[in-house]
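The numbering of the sequence shown is my numbering, which starts it at 334 and goes up by one.
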Amino acid sequence: MKGLFTALLIPFDEEGDVKEAGLRQVVRNNIDVQKVDGLYVNGSTGENFLLSTDQKKFIFDIVKDEAGDEVKLIAQVGSINLEEAVELGKYATGLGYDSLSAVTPFYYPFSFEEIRDYYETIIAETGNNMIIYAIPALTGVSISMEQFDALFSNDKVIGVKYTDNDFFALERLRRRYPDKLIYSGFDEMLVYGMLSGVDGAIGSTYNVNGRRSRRIMELCEQNNFIEAFEVQHEANDVIERILELGIYQTLKEILNVKGIDAGTTKKPLSKFDPSKRHKVEQLVKDFEL
Ligand code: MN9
């Protein structure tokens, strides 16, 4: 379960339905061209929180059918509707997903006891492993070291997708838990994550820039952080331009420019502005995406 994982983009049509053929193409591009080690399915990048339960199940089906056992598969099932999280967790477990992941419950200011009970319930009901999805910038939930102690005391909690920029906390977590899986969640900070000893990375831009990100990881593994930093500079030139144009819209547009049907984003997210298409074409050309 170590290595580079793509947070999978999901192609939608104008009605907001999943484009199955496009989704299969996106999966294949990740496996065959970006050469990632695994896919993180139905995360933020997959616009998961905008989808119906049926759509989420359909995506789990198609991705497993297309990827088979070629790469590791992590199913993000988190929802503030705990019954839905359990239902999806059972579903993905039945399909053979290697691990579940669940975002910390958000919107209501849940107590830590409530958050812990949420994870314990999903694990007990599904019997599968769990990777905590910590993304405080979007959920408002920060997990303290004592709280990680409590969550990690369950052997089924195998790790955390750490989408945060507190590298002191990350270093302490690594030191304290050498055997849990820690995934770096911000692609633009991959080199810092690697320096902190993460086991892997999960991110949206690996859909289009997987090879360059892999290079960063390899250089770090060889303790060549100077050169890794140079490649991170390049990756961040790409990420900066993507963020300026809108993250998910632009990632999809990059794939569309390359002839992979990544469809469009789902409302209420706005669509990519077609008058900016030439900027995406230039980006693809400049960075050989
Ligand atoms: O989960 C992604 N987070 C979100 C990982 O999309 C909220 C990242 O891959 C970011 O999209 C990326 C750009 O900021 O680092």
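Where a beta carbon is used, it is the ideal one built from N, C-alpha and C, also for glycine.
In this text the structure is predicted, and so the values were computed from the model without any measurement.
In the DSSP annotation of this structure, the continuous segment of the beta strand (DSSP E) that includes Lys494 starts and ends at Val490 to Tyr495. Counting the other Cβ atoms within 10 Å of the Cβ of Pro344 gives 16 or more, which makes it buried.
DSSP, reduced to helix, strand and coil, places Thr339 within a strand of the structure shown. Residue environment for Arg509: exposed (fewer than 16 other C-beta atoms within 10 angstroms of its C-beta).
Judged by beta-carbon spacing, Lys585 lies within the 8 Å limit of Gly596, meaning their Cβ atoms are closer than that value.
If you look at Ser432, you'll find it in the beta strand (DSSP E) that goes Ser432 to Val436. If the five residues before and after Glu416 are omitted, its C-beta is found closer than 8 Å to no C-beta atom of its own chain. In the three-state reduction of the DSSP assignment, Lys389 falls in the helix class. Asn375 counts as buried, since at least 16 other C-beta atoms from the protein chains shown sit within 10 angstroms of its C-beta. Annotation for Met334: no beta strand (DSSP E) segment contains it, and DSSP assigns it neither H nor E. Apart from the 5 residues on each side of it in sequence, Ile395 sits with its Cβ closer than 7 Å to the Cβ of Glu353, Leu356 and Arg357 in its chain, given in chain order. In the structure shown, Thr597 adopts extended strand secondary structure according to DSSP, grouped into three states. The Cβ atoms of Val436 and Gln409 sit closer than 8 Å to each other. Counting only residues of its own chain and dropping the five nearest sequence neighbours on each side, Gly526 has a CB closer than 6 Å to the CB of Ser517. Per DSSP, reduced to three states, the secondary structure at Gly460 is coil, with no helix or strand assignment. By the Cβ criterion, the region 535–548 is not in contact with the region 383–395, since fewer than three pairs of Cβ atoms, one from each stretch, lie closer than 8 Å.
For the pair Leu514 and Gly533, the CB atoms are nearer than the 8 Å cut-off.
Annotation for Lys423: Thr459 place their beta carbon closer than 6 Å to its own, counting only its chain and skipping 5 residues before and after.
A check of alpha carbon separations from Pro601 across Pro511, Pro469, Gln480 and Tyr581 identifies Tyr581 as the nearest. Ala340 has its CB nearer than 7 Å to a heavy atom of ligand 1. Beta-bridge annotation (DSSP): Gln409 is paired with Ser434. Ile465 is bridged by DSSP to Ala435 and Val493. Apart from the 5 residues on each side of it in sequence, Glu577 has no Cβ closer than 6 Å to any other Cβ in its chain.
Within 10 angstroms of the beta-carbon of Leu341 lie 16 or more other beta-carbons, which makes it buried. Bridge partners of Leu372 according to DSSP: Thr339 and Leu406.
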